[in-house]
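A.B. asks: Quick one: structure below, then a few questions.
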Amino acid sequence: MTLHLQGHLVLIAEDQALIALDIRDAVRNAGASALVAATLKDGLRFAEHPQLSAAVLDVALGADDCSPLCERLSERRIPFVISTGYSAIPASCAEGVVISKPALPSTLVAALARMLR
C-alpha cells in the first residue's frame, strides 16, 4: 500500500454517514489522519485546526451549503475537493477541484495527493 497522504490531516465534510466513513477509511489507508464533520458548524470548527492540510467537501451539508467552509479554507490557503452530485457549485467554492458523485474514495484520495504534492 502506498501512503500518498502520510503525515497530513484531512477534513471530510459530508452529511451522509456511510459516504463519510468510506472517505475517512480511504484517507486513513493513504496514511493521513481525518476529521469528519456532518454539519457546516462542525466543518467550520475543524477548518481552524492548525495542522489541517486539505479537505473533501460535499456541497450540501444538511440544510446548509458549504460556501462558508470553502471561503474559510481559501482564506487559509488549504486545498479542497468538492464531491457533489450537483451540476453547479457555489461561486465561493471555485478554487476547489470538483469531482462528481458518485466517486470512488480512491479517486478523492488521488485528487488530494495531487493537490498536496
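Mapping the sequence shown onto our numbering, position 5 (from 1) lands on 1477, and the numbers just tick up by one.
For every residue, glycine included, the Cβ atom is placed at its ideal position computed from N, Cα and C.
1. Threshold first: 3 residues or longer. Then list the beta strand (DSSP E) segments lying entirely within the stretch 1473-1499, N to C.
2. Please give the ranges of any beta strand (DSSP E) in the stretch 1505-1570, keeping only runs that are unbroken, at least 3 residues long and fully inside the region.
3. Near Asp1536, which residues of its chain fall below 6 Å by C-beta distance, leaving aside the five closest residues on each side in sequence?
4. On the DSSP bridge list, what partners appear for Ser1578?
5. With distances taken between CB atoms, is the gap from Leu1533 to Gly1515 smaller than 8 Å?
6. Is the CB-CB distance between Gly1503 and His1521 below 8 Å?
7. Nearest by alpha-carbon distance to Cys1565: which of Val1553, Leu1576, Lys1573 is it?
8. Return the residue from the list Gln1488, His1480, Ala1575 that minimises the CA-CA distance to Val1499.
C.D. replies: Working from what's here:
1. Runs of the beta strand (DSSP E) inside the stretch 1473-1499: 1481-1485.
2. Within the stretch 1505-1570, complete beta strand (DSSP E) segments of at least 3 residues are found at 1505-1509, 1526-1530, 1552-1556, given in chain order.
3. The answer, listed in chain order, is Leu1512.
4. Bridge partners of Ser1578: none, in fact.
5. Yes, the Cβ-Cβ distance between Leu1533 and Gly1515 is below 8 Å.
6. Between Gly1503 and His1521, the CB-CB gap reaches or exceeds 8 Å.
7. Cα-wise, what sits closest to Cys1565 is Val1553.
8. Nearest Cα to Val1499 within the set Gln1488, His1480, Ala1575: His1480.
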